[in-house]
Amino acid sequence: MNDTAKILHEKLGQRSPREAIILGSSLGGVADALENPLTIDYLDLPGFPKPSISGHGGQLVSGILGGREIIVLQGRVHYYEQGDATAMRPVIEALAELGIETLIVTNAAGSVNVDTGPGQIMLITDHINFAGINPLIGETGDAGFVSMTNAYDPDCAERMRDAARYEKLPLAEGVYMWFSGPSFETPAEIIAARALGADAVGMSTVPETILARRFGLKVAGLSMITNLAAGIQGASPSHDETKTQGTRAAGSMIRLLTKYLELTNND
Ligand code: HPA
1 MNDTAKILHE KLGQRSPREA IILGSSLGGV ADALENPLTI DYLDLPGFPK PSISGHGGQL
61 VSGILGGREI IVLQGRVHYY EQGDATAMRP VIEALAELGI ETLIVTNAAG SVNVDTGPGQ
121 IMLITDHINF AGINPLIGET GDAGFVSMTN AYDPDCAERM RDAARYEKLP LAEGVYMWFS
181 GPSFETPAEI IAARALGADA VGMSTVPETI LARRFGLKVA GLSMITNLAA GIQGASPSHD
241 ETKTQGTRAA GSMIRLLTKY LELTNND
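Residue numbers (the numbering used here): 1 to 267.
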C-alpha cells in the first residue's frame, strides 16, 4: 500500500467501501446525502490535488448511501487547471490500493443532441478522446497499453439502467467527448463532435476513466446535462449556467446513485 492509501486506511478504520464516486461541477450536494459521514480534507492526503475553481470542493467523504459504504470525492482537478492530465492519478491509485472496485464518475456536460436537454442525466456508454492528451503518457513498461474496450463497464451500466427504471427517472445514453477546456467549444467544434458520434461534451472524466482502467477499476459514468452545447438552438454555454443547472438537478443524481448502490448491495 502506498503512503496515501495507508493514511486513508487508518482514517477509515472499520469502513471498507468498494465504490467511489467523483462528483462533477456543483454536484457536491450528493456528499450531504451520506449517512454517518466522515470527511477528510484533500490537504491531509499526500498527492491529492487542490481544486482551485468555484463549484468544486476538495474533500473526501466516506459514508453510507443506499445502505452501502462508499467514498465520495467532492472535487476533482481538471486538465485545464494546470495542464496536467495526471493530476487525479494519486487519488485513483490510492482508491485502487484501498480496495475500491468501481469508480463512478459524474460530470456536468453540454448536450450535442436536442432530444437530451438541461436537467437530464446521460449514462456514458463510451468516450472520445481527441484532445491529444493521455494521462498514461510517460508510463514505464507496458502498463500504459490499457484496453479501452468496455471502458464503461456494461454490468454497471445495466445496473444504472435498472436504477433509473426503479426511480422512474429518464436516463439518456451516449458517448461523451472530452475537450480540454477551459474555453467552451465553438459551434463548429460541436458540429464536428456530432459528426464524430458524440452525444455530450465536457472537460473532465476521460483522464479519470483512463487512469481507473489502468489501475484495474471498473467505471460507471454519468453526465448531468446542464445545457445544449455551443451553437445548438443558439446556445452559448457559461460556467454560471453549468453551476445553476447542476445544483438544480443534483436531486435526481442523488436518487439515481442511491438506488444504484441499493441494487449493488442486494446483488
Ligand atoms: N461544454 C463543455 N463542458 C461543459 C459544457 C459544455 O457545453 N457544459 C457543462 N460542461
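Beta carbons: idealized from backbone N, C-alpha and C, even for Gly. Bear in mind that the values here come from a model prediction, so they are computed numbers and not experimental data.
On a Cα-Cα basis, can you pick out the residue from the options that is closest to residue i?
i	options	result
Ala-193	Phe-145, Ile-64 and Ala-229	Ala-229
Ala-85	Ser-180, Ser-236 and Glu-69	Ser-180
His-127	Ile-137, Val-112 and Met-148	Met-148
Thr-140	Arg-214, Ala-172, Ser-16 and Ile-133	Arg-214
Leu-23	Ala-33, Glu-173 and Gln-233	Ala-33
Met-122	Thr-244, Ser-252 and Pro-182	Ser-252
Phe-145	Gln-245, Gly-13 and Leu-136	Leu-136
Tyr-166	Thr-4, Arg-255 and Glu-69	Arg-255
Leu-12	Met-203, Ser-62, Pro-49 and Thr-247	Ser-62
Gln-59	Leu-8, Gly-174 and Thr-102	Leu-8
Asn-2	Ala-163, Leu-73, Ile-64 and Arg-89	Arg-89
Gly-248	Pro-17, Asn-265, Tyr-80 and Ala-108	According to the sequence as given, residue 248 is Arg; it is not Gly. Ranking the options by Cα distance to Arg-248, first place goes to Ala-108.
Lys-243	Ala-5, Ser-16 and Gly-29	Gly-29
Leu-211	Leu-257, Ala-200, Ala-87 and Ile-71	Ala-87
Ser-26	Asp-240, Asn-266, Thr-258 and Leu-261	Asp-240
Ala-325	Tyr-176, Asn-36, Ile-232 and Thr-205	Absent from the structure is residue 325, since the part of the chain shown begins at 1 and ends at 267.
Tyr-260	Val-206, Ala-250, Ala-163 and Met-203	Ala-163
Lys-50	Ile-70, Ala-195, Arg-76 and Arg-18	Arg-76
Gly-110	Trp-178, Glu-81, Gly-67 and Asp-41	Trp-178
From the DSSP output, read off the bridge partner residues of residue i.
i	result
Val-175	Asp-126
Leu-8	Per DSSP, none; premise fails for Leu-8.
His-146	His is not the amino acid found at residue 146; the sequence shown has Val there. None; Val-146 has no bridge partner.
Ala-200	Ser-111 and Tyr-176
Ile-121	Leu-171 and Met-224
Assuming residue i is part of the alpha helix (DSSP H), what are its boundary residues?
i	result
Ile-133	Taken as a continuous stretch (DSSP letters only), Ile-133 belongs to no alpha helix (DSSP H), as it is neither H nor E.
Glu-167	154-167
Ile-22	Segment 19-22 is the beta strand (DSSP E) holding Ile-22; no alpha helix (DSSP H) there.
Leu-196	187-196
Go to residue i, then tell me how far its beta strand (DSSP E) extends in each direction, as first and last residue.
i	result
Ile-104	102-111
Does any CB atom of chain B fall closer than 8 Å to the CB of residue i?
i	result
Val-206	No chain B appears in this structure, which consists of one protein chain only.
* Identify every run of the alpha helix (DSSP H) within the region 31-99, keeping only runs that are complete inside it and at least 4 residues long; order them along the chain. => 79-82 and 89-98
* **Start-end ranges of the alpha helix (DSSP H) lying completely within the region 203-257, minimum 4 residues** => 206-214
* Are the region 214-228 and the region 116-125 touching by the rule of at least three beta carbon pairs closer than 8 Å? -> yes
* Asked: Is the region 203-220 in contact with the region 96-104, if contact means three or more CB pairs nearer than 8 Å?
  -> yes
* So, do the region 182-193 and the region 149-156 have three or more beta carbon pairs nearer to each other than 8 Å? -> no
* Asked: How do the region 30-47 and the region 159-178 stand: do at least 3 beta-carbon pairs fall below 8 Å, yes or no?
  -> no
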